[in-house]
Structures are given as structure tokens and as C-alpha cells.
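2 protein chains.
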Amino acid sequence: VGGATLSGVAKGAGMIEPNMATMLSYLFTDAALPAPALQEMLRRAVTQSFNRISVDTDTSTSDTVVVLANGHAGPVHAAAFEQALTEAATYLAQEIARDGEGATKLIDLEVREAPSPEAALRIAKSIVNSPLVKTSIYGADPNWGRFVMAVGKVFEHPIPLDRLSIHFGGAAENLTISAASQNADLLRRISEYLKRDEVHIQVRLGSGLHAERVWGCDLTEGYVKENAYYTT
Amino acid sequence: VGGATLSGVAKGAGMIEPNMATMLSYLFTDAALPAPALQEMLRRAVTQSFNRISVDTDTSTSDTVVVLANGHAGPVHAAAFEQALTEAATYLAQEIARDGEGATKLIDLEVREAPSPEAALRIAKSIVNSPLVKTSIYGADPNWGRFVMAVGKVFEHPIPLDRLSIHFGGAAENLTISAASQNADLLRRISEYLKRDEVHIQVRLGSGLHAERVWGCDLTEGYVKENAYYTT
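First to last, the sequence lines map onto chains Y and D. Counting with the working numbering, you get residues 100 to 331 for the letters of the first sequence. Counting with the working numbering, you get residues 100 to 331 for the letters of the second sequence.
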């Protein structure tokens with residue numbers, strides 16, 4: 100970033116739905132930035148990154164994100180630095196979700212066309228935290244009804260479900276499912292897609308202009324084993 | 100109930116955190132009761148029973164509870180009938196939680212000494228829905244820190260944790276743990292207790308006079324298998 104370097108490391112596995120509470124993340128830079136400005140940048144970057152992941156809905160008592168700046172590289176352009184900080188934090192957050200206890204897949208989920216940012220985030224968290232959605236992705240089961248259920252159970256933000264569609268993968272895959280478009284061949288192709296170790300899913304609500312992105316992982320027997328039997 | 104009979108059946112396994120949305124429950128009686136009064140009794144009974152259980156936090160789109168009354172037994176004492184209805188609904192709700200997908204145990208959880216009924220219920224749901232609490236109970240792991248975590252993650256109702264204690268079993272077991280009372284023998288006895296197929300747990304918050312009771316089940320490899328591989 101303008102001659103300065105930004106590095107970061109992070110650790111996390113379970114008890115992960117951070118609200119800056121066992122996740123540890125350290126970021127290092129040689130940029131020269133006033134501490135209060137850096138703190139505010141970090142707060143905004145964390146909101147968009149670490150606070151957007153969930154391994155198991157459980158929130159640890161000791162999540163930590165720290166950024167250290169020694170100033171050796173001199174002053175930097177604040178906006179460019181903040182963008183680099185947000186990108187680094189997002190990368191680390193995704194890696195924590197990918198590395199979730201027992202996880203075999205990273206789930207990258209975007210909820211679009213929501214009536215408000217709050218509705219987009221609540222619904223995205225509801226989907227990425229749903230045990231039925233997480234197990235179906237683990238099993239590569241194209242069970243899109245579970246996504247609809249996870250949207251519908253957010254009673255605070257009722258969404259009419261007739262305009263809802265779900266998109267798996269990107270433009271290359273072209274896998275869009277809705278009540279109108281369901282057919283056996285499409286379901287088979289979605290199942291094939293879900294076998295990848297990183298799945299991109301976009302849920303379009305057809306109810307507004309707001310979007311939020313979150314990251315999670317599948318729920319497997321491995322999660323249960325790690326957490327039921329780890330002590331003696 | 101005063102000469103009248105009340106019978107009920109219920110079905111449920113997963114996608115269970117009812118808010119009267121795949122759970123089916125039918126109650127039958129020969130009591131003579133006006134339909135509007137019976138509807139109100141049922142609504143109150145459901146709030147205390149079916150809406151207090153969770154298998155997996157996922158809320159189905161089609162939970163159903165119906166009570167049918169043919170009047171053959173004639174009029175009944177309304178309060179006595181409502182009590183019988185609430186008891187029947189609570190029994191059926193507990194059986195659904197016990198029969199949860201992959202479940203090996205019924206968890207009967209009461210949160211006491213909460214500052215409000217809402218706080219008691221939100222915290223009770225947070226504990227009974229926590230994957231880390233559910234897997235630890237499956238593994239008979241006396242990991243009471245996970246209970247503390249599940250209390251602490253309810254940010255809407257902050258509870259000072261220094262007065263919190265957790266009670267496993269009843270007076271006969273006398274298994275009470277808190278930060279002050281933890282020791283290896285107690286942990287071993289709690290682990291023994293958690294091997295039962297029905298566990299009673301009371302979390303006392305030390306922050307008020309309100310209590311709520313909920314029912315749930317443990318989280319096992321069986322839940323993952325049933326929901327990841329059930330289709331072909």
C-alpha cells in the first residue's frame with residue numbers, strides 16, 4: 100500500500116460466530132498511521148470480515164483482532180490502506196471458516212435484493228447457520244427448500260417467497276433455481292457443483308436493493324466428533 | 100378431566116424449533132368446550148410446550164397442532180381442562196425432542212433467576228441450541244464453560260457471570276458447579292450423570308426472579324448422516 104506492507108495471521112476452528120469475542124487474528128504493518136484512525140479502520144474492516152463468518156453459531160468469550168503498526172514505511176493514503184486492511188481481514192476470515200472444525204467446504208453466501216442491510220445480514224446468517232443447509236451442502240444435496248426455510252424462519256424480516264431465486268456458482272455454471280425453474284437435470288448439476296471444496300451461493304430475495312455477504316462451512320460428523328470426544 | 104378424556108399424538112424429527120410452522124400434533128377430547136375458548140387454551144398450551152422445544156434451530160414451514168373436541172363427555176371445568184391440555188402438549192413436545200434426528204438424549208433445561216421472562220427464554224434457547232453444548236452432552240463432557248459461553252452470547256440480555264451456577268440432576272445427585280466449586284471429582288460425577296438418556300439441567304443466573312423451561316436433544320453424527328445423505 101503506497102510502499103507500506105500489511106501482513107496478517109489468524110487462528111480459529113470452533114466456537115466461531117465472532118462478535119469480537121477464541122478467534123485470534125494479528126495484523127502487522129509498517130505504515131505510519133495515527134492510532135485512533137487505525138482503530139476506526141480496523142473496526143470497519145472487522146465488521147465486513149471477521150464479524151461475517153460463522154462456523155457453529157457459538158460466540159467465543161475471547162475473540163481478538165489486533166493490528167500493529169510500527170510506522171517504518173512512513174505515511175500512507177488512508178483510504179487505500181483501509182481497503183488493503185479490509186481485504187486482508189476478509190481473506191483471513193474466509194480461511195477461518197474454511198478451516199472450521201470438521202469442515203470440508205467453504206461456503207461463500209451472498210443475500211441480495213433484501214429490503215434493508217439488517218434484513219440481508221439476518222437472513223444471510225440464518226442460512227449460513229442452518230444445520231439443515233450446512234448438512235445438505237456437506238452431502239451435495241441440491242435441497243433448495245432448506246434455503247427457503249432458512250429465509251422464512253427470520254420472523255423479524257418477512258420476505259414474500261414467490262420472487263426468491265437461488266444461484267449456485269458464477270456465470271460459467273449458470274445454475275439458477277426457483278419454484279418456476281426446478282427440474283431433475285438442474286438439480287443434478289447443482290449437486291455436482293456442491294461437491295467442490297468452495298461453493299458460491301447467491302440468494303436473491305426480489306424484495307429490495309440491499310446485499311450482504313457472509314462465510315461459513317458445512318456441518319459434518321467431524322464437527323460432532325471433535326466436540327463430543329475431545330476430552331477424556 | 101371431570102369425566103372427559105383427552106388423547107394426543109405427535110410426529111417430528113428434524114427442522115424442529117417450532118413457531119407453529121413439519122411437526123404434526125393432534126389432540127382429541129370428548130369434552131364439550133366452545134371452539135373460541137378451546138382455541139385460546141390451545142394457544143396458551145402451545146406457548147408453554149411445543150414452542151419450547153428445539154431439535155436443530157430450524158423452523159419448519161408446516162408445524163401443525165390441532166385439538167378436536169366432539170363434546171360427547173359434556174361440559175368440563177375449563178381451568179382443569181386447560182391444565183390437562185398443557186400437560187398433554189408438554190409430554191408430546193418432550194417426546195418429539197427425545198426423538199430428534201440422531202438424538203441419544205432428552206435435554207430438560209431450566210433457566211432460573213433471570214431478570215425477565217424474555218431473558219430467561221432467550222438464554223434457555225441459546226443454551227439448548229448451542230452446538231457446543233449439544234455435542235458436549237452427547238459426549239458426557241462436563242464442559243460447563245460452554246454453558247457460560249451460551250449465556251454470554253445473548254448480547255441483548257447481558258448477565259454478570261460471577262453469580263452463575265449450573266445444577267445437573269436433582270436433589271439426589273446434588274451436582275452444582277460454579278467458578279468457586281469446580282474440582283476434578285465433581286466434574287467426574289457430572290460426566291457420569293450426563294451418560295443418562297434424559298438429563299435435567301438448571302442454570303441459575305443470580306440476576307432476577309424469572310424462570311423458563313425448554314427441551315432439546317444432543318447433536319450427534321446421526322443427525323449429520325440423516326440430513327447429509329438422505330437423498331440419492
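Where is the CB? At the ideal position from N, CA and C, for every residue including glycine. Since the model is a prediction, treat every value here as computed from it, not as a measurement.
Can you pull out the residues from the region 237-249 of chain Y whose beta carbon lies closer than 9 Å to at least one beta carbon of chain D? Tyr237, Gly238, Ala239, Asp240, Pro241, Asn242, Gly244, Arg245, Val247, Met248 and Ala249
For alanine 279 of chain Y, which of Y/Leu132, Y/Trp243 and Y/Glu181 has the nearest alpha-carbon? Y/Trp243
What residues match up with alanine 131 of chain Y in a beta bridge as DSSP calls it? Y/Pro174
Comparing C-alpha positions only, which one of Y/Asn150, Y/His176, Y/Asp240 and Y/Arg288 sits nearest to aspartate 162 of chain Y? Y/Asn150
At 7 Å on the CB atoms, spell out the chain D contacts of tyrosine 328 of chain Y, in chain order. Gly238
Best match in D/Glu186, D/Ala310, D/Val154 and D/Pro135 for proximity to asparagine 228 of chain D [C-alpha to C-alpha]: D/Val154
Mind the definition here: the region 186-198 of chain Y touches the region 233-240 of chain Y only if three or more C-beta pairs lie below 8 Å; say whether that holds. no
Give the DSSP-derived three-state secondary structure of isoleucine 258 of chain D in the structure shown. coil
Can you tell me which residues form a DSSP beta bridge with alanine 168 of chain D? D/Thr128
Please confirm if the region 318-326 of chain D is in contact with the region 245-264 of chain D, defined as three or more CB-CB distances below 8 Å between the two stretches. no
Give a yes or no on whether the minimum CB-CB distance between glutamate 297 of chain Y and chain C is below 7 Å. This model lacks chain C altogether, as its protein chains are Y and D.
Given a cut-off of 7 Å on the beta-carbon distance, is the pair leucine 49 of chain Y and alanine 130 of chain Y in contact? Given a span of 100 to 331 for chain Y in the structure shown, any question on residue 49 of chain Y remains unanswerable.
State buried or exposed for glycine 274 of chain D, treating a residue as buried only when at least 16 other CB atoms are found within 10 Å of its CB. At residue 274 of chain D the sequence reads leucine, which differs from the glycine that was named. That one is buried.
Within the 7 Å Cβ cut-off, does proline 257 of chain D reach chain Y? no
Do three or more CB pairs link the region 200-207 of chain Y to the region 296-315 of chain Y at distances below 8 Å? yes
Taking all protein chains shown into account, do 16 or more other C-beta atoms lie within 10 angstroms of the C-beta of aspartate 296 of chain Y, making it buried, or fewer, making it exposed? exposed
Tell me isoleucine 206 of chain D's beta-bridge partners as DSSP assigns them. D/Val298 and D/Gly315
I want to know whether the region 161-180 of chain D touches the region 124-139 of chain D - three or more CB-CB distances under 8 Å. yes
By Cβ distance below 6 Å, which residues in the same chain neighbour proline 216 of chain D in space, the five residues on each side in sequence not counted? His309
Would you kindly work out how many angstroms separate the C-alpha atoms of histidine 256 of chain D and alanine 218 of chain D, rounded to a whole number? 6 Å
Let's see if you can read the secondary structure: which residues bound the alpha helix (DSSP H) around phenylalanine 246 of chain D? 243-251
Could you tell me the alpha carbon to alpha carbon distance between alanine 178 of chain D and threonine 189 of chain D, rounded to whole angstroms? 16 Å
Would you please state the rounded distance, in angstroms, between the beta carbons of proline 230 of chain D and serine 306 of chain D? I believe it to be under 8 Å. Between serine 306 of chain D and proline 230 of chain D the Cβ distance is about 25 Å, and since that is not below 8 Å, they are no contact.
Is isoleucine 294 of chain D close to chain Y, meaning its C-beta is less than 7 Å from at least one C-beta of that chain? Per the sequence shown, residue 294 of chain D should be read as lysine rather than isoleucine. Not one chain Y Cβ lies under 7 Å of lysine 294 of chain D.
Between D/Glu325, D/Met122 and D/Gln301, which lies nearest to glutamate 212 of chain D when the distance is taken from Cα to Cα? D/Gln301
So, at 6 Å on beta carbons, what are the nonlocal neighbours of valine 250 of chain D in its own chain, with the 5 sequence-adjacent residues on each side left out? Ile222 and Ile258
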